[in-house]
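Report on the structure given below.
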Amino acid sequence: MQVSIDEIRSGHKPAIARAITLVENERRQIWPLLKELFATSELASLVGVTGPPGCGKSTLVEKLVAGWLEEGERIGVIAIDPSSEFSGGALLGDRIRMDGISSEPEVFIRSMATRGYLGGLNPAIFDTVLILSAAGYDRIVIETVGVGQNEIDIVNLADTTLVVTMPEVGDEIQAFKAGLMEAGDIFVLNKADHPRVNRMELVLQQMLELNSSGEEQEFPRLLKTIATRGEGVDEVLEAVGDHRLKLEKSGDIARHRKQVMRRHILHLLEEKVREQLIDPLLQSEDFKQILDQVVKRKADPYSTAEDLLARLKSADQQREEVNLSHEN
Amino acid sequence: MAEKNIKVLIAKPGLDGHDRGAKVIARGLKEAGMEVVYTGLRQAPEDIVNAAVQEDVDVIGLSILSGAHRQLFPVIMEKLEEAGREDVLVLAGGTIPDKDHDELHDLGIKAIFQPGTPIEEIVDFIESELGAA
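Going line by line, the protein sequences match chains A and B.
Each residue of the first sequence is one higher than the one before, counting from 244 in this note's numbering.
Each residue of the second sequence is one higher than the one before, counting from 861 in this note's numbering.
This is the structure in structure tokens:
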């Protein structure tokens, strides 16, 4: 499977799609392409959308994307759904609610499964952002179900984060105990035609006030929408625009992008360490015996981990010496 | 975790409003470890092909109960070829009379699963077809 950089740059959808498949499945093979794309592309503007299941995220995304399209933007959407812990499969259903935009020529929608990545965010998601940026999409929306740590990592990637909720999602503590309250720049209370919307609005206002420093602040902002009818969507579009301006004026965008890069380097490093050092170790016959020793309580797991680390380090040193002697 | 998952698009072309079968298949394939994109009811052929291209799926499962398969399936197959994705494994399911099967096979639809087909049979078929590719 070969993908050409020129085809990605020219926005050829099958090539973009194939490149994303490669970052999901054939990571070693795709690194050279990613290096080149990174060197020659600016990252698009990133909007994260999260919130509990069924609160209307995909419907809101559809309406927001339609708004940005009218302004002449090209939009990428990454819709993330969880992988099953049991089978490894996933049901990716966000496209159902994006019918109105899914065949627009200036839109590219890709559904991705979380794939239970160990050690944080699946690096394939950042790499997909990079590919879509290189393909000329001005803005990329990352939509994710707002439950669990993985989702907070995705939110951390976005320049602007929308937290979507609705009336009756449970009591106030439950609604936001995952730490989403700190993550949101814009809170969207969707399904605002629900009879209990005022109560939920009050709860959200109070929680946002508790989190703030007391001074009058532009963000986080709380807005109400009825996404199915498009009501309140213009205000959300405006708020995303205002937030972007604020990030640029204050210089926060540079600080944020620095954090994003720091995290991505760490994720890639972890990926390589796992692939080249830890996985071969776990598959070795030796490791099975060591594990047996621990199970039989002839060794403890702490000393075992220290021993294994020492072994990895010394193997690495030997490799370096071999390399040096080759160079000489 | 970078192992290859088979990616499937389950699509409902045409105007019938019943997707219980499609959902049962989607869920069954998910439980067999596949990543399944479901796009909902009443999809036009171009919507299905657009989704298949952007999602870069290995398999498309077309579920149809309306009887319009002889009109819609040729358009879908043609558009897939235009998009350069004639390599996708296309399967069909639903109420498709036996007498139409040959015609659909000739279009390039690899298998037609009638109501009552066990999920395992579909999973095995997909795995063996993709394994052989």
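We put the beta carbon where it would ideally sit given N, CA and C, even for glycine.
Just so it is clear, the structure is predicted and the values come from calculations on it, not from any experiment.
On a Cα-Cα basis, can you pick out the residue from the options that is closest to residue i?
i: residue 303(A); options: 327(A), 279(A), 467(A); result: 467(A)
i: residue 948(B); options: 915(B), 890(B), 872(B); result: 915(B)
i: residue 436(A); options: 518(A), 270(A), 285(A), 411(A); result: 411(A)
i: residue 287(A); options: 464(A), 565(A), 379(A), 482(A); result: 379(A)
i: residue 473(A); options: 520(A), 290(A), 308(A), 500(A); result: 308(A)
i: residue 347(A); options: 324(A), 323(A), 321(A), 312(A); result: 312(A)
i: residue 305(A); options: 274(A), 433(A), 345(A), 525(A); result: 345(A)
i: residue 868(B); options: 879(B), 889(B), 880(B); result: 889(B)
i: residue 504(A); options: 534(A), 370(A), 492(A); result: 370(A)
i: residue 479(A); options: 564(A), 557(A), 292(A); result: 292(A)
i: residue 403(A); options: 252(A), 500(A), 470(A), 520(A); result: 500(A)
i: residue 365(A); options: 334(A), 327(A), 351(A), 323(A); result: 323(A)
i: residue 342(A); options: 471(A), 489(A), 276(A), 246(A); result: 471(A)
Would the beta-carbon of residue i fall within 7 Å of that of residue j?
i: residue 896(B); j: residue 904(B); result: no
i: residue 899(B); j: residue 271(A); result: no
i: residue 377(A); j: residue 267(A); result: no
i: residue 373(A); j: residue 383(A); result: no
i: residue 250(A); j: residue 258(A); result: yes
i: residue 397(A); j: residue 482(A); result: no
i: residue 233(A); j: residue 406(A); result: Here chain A comprises residues numbered 244 to 571, so residue 233(A) is not present and cannot be evaluated.
i: residue 909(B); j: residue 939(B); result: yes
i: residue 433(A); j: residue 299(A); result: yes
i: residue 921(B); j: residue 870(B); result: yes
i: residue 945(B); j: residue 913(B); result: yes
i: residue 332(A); j: residue 893(B); result: yes
Return the CA-CA distance between residue i and residue j, expressed in angstroms with no decimal places.
i: residue 515(A); j: residue 529(A); result: 21 Å
i: residue 925(B); j: residue 891(B); result: 24 Å
i: residue 512(A); j: residue 901(B); result: 43 Å
i: residue 882(B); j: residue 872(B); result: 8 Å
i: residue 235(A); j: residue 985(B); result: This structure cannot speak to residue 235(A), because chain A is shown only from 244 to 571.
i: residue 264(A); j: residue 933(B); result: 26 Å
i: residue 550(A); j: residue 330(A); result: 34 Å
i: residue 979(B); j: residue 865(B); result: 18 Å
i: residue 451(A); j: residue 424(A); result: 7 Å
i: residue 496(A); j: residue 463(A); result: 16 Å
i: residue 952(B); j: residue 875(B); result: 16 Å
i: residue 522(A); j: residue 562(A); result: 18 Å
i: residue 990(B); j: residue 358(A); result: 21 Å
i: residue 317(A); j: residue 906(B); result: 20 Å
i: residue 943(B); j: residue 969(B); result: 17 Å
i: residue 931(B); j: residue 982(B); result: 24 Å
i: residue 290(A); j: residue 385(A); result: 6 Å
i: residue 923(B); j: residue 427(A); result: 40 Å
i: residue 520(A); j: residue 555(A); result: 7 Å
i: residue 340(A); j: residue 401(A); result: 22 Å
i: residue 408(A); j: residue 439(A); result: 13 Å
i: residue 541(A); j: residue 552(A); result: 19 Å
For residue i, decide whether its Cβ has a neighbour in chain A, counting only Cβ atoms nearer than 7 Å.
i: residue 947(B); result: no
i: residue 890(B); result: yes
i: residue 950(B); result: no
i: residue 983(B); result: no
i: residue 942(B); result: no
i: residue 897(B); result: yes
i: residue 1071(B); result: In the structure displayed, chain B extends from 861 to 993; residue 1071(B) sits before or after that span and is not available.
i: residue 935(B); result: no
i: residue 868(B); result: no
Could you tell me whether any Cβ in chain B is nearer than 7 Å to the Cβ of residue i?
i: residue 482(A); result: no
i: residue 427(A); result: no
i: residue 558(A); result: no
i: residue 264(A); result: yes
i: residue 257(A); result: yes
i: residue 373(A); result: no
i: residue 268(A); result: yes
i: residue 289(A); result: no
i: residue 318(A); result: no
i: residue 346(A); result: yes
i: residue 354(A); result: yes
i: residue 500(A); result: no
i: residue 351(A); result: yes
i: residue 309(A); result: no
i: residue 382(A); result: no
Identify the residues that DSSP records as bridge partners of residue i: which are they?
i: residue 898(B); result: 870(B)
i: residue 952(B); result: 922(B), 972(B)
i: residue 351(A); result: 319(A)
i: residue 903(B); result: 873(B)
i: residue 324(A); result: 356(A)
i: residue 467(A); result: 432(A)
i: residue 289(A); result: 383(A)
i: residue 405(A); result: 292(A), 429(A)
i: residue 474(A); result: 469(A)
Is any heavy atom of the ligand GTP found at a distance shorter than 6 Å from the C-beta of residue i?
i: residue 408(A); result: By its list of ligands, the structure shown contains no ligand whatsoever, and the ligand GTP lies outside what it can speak to.
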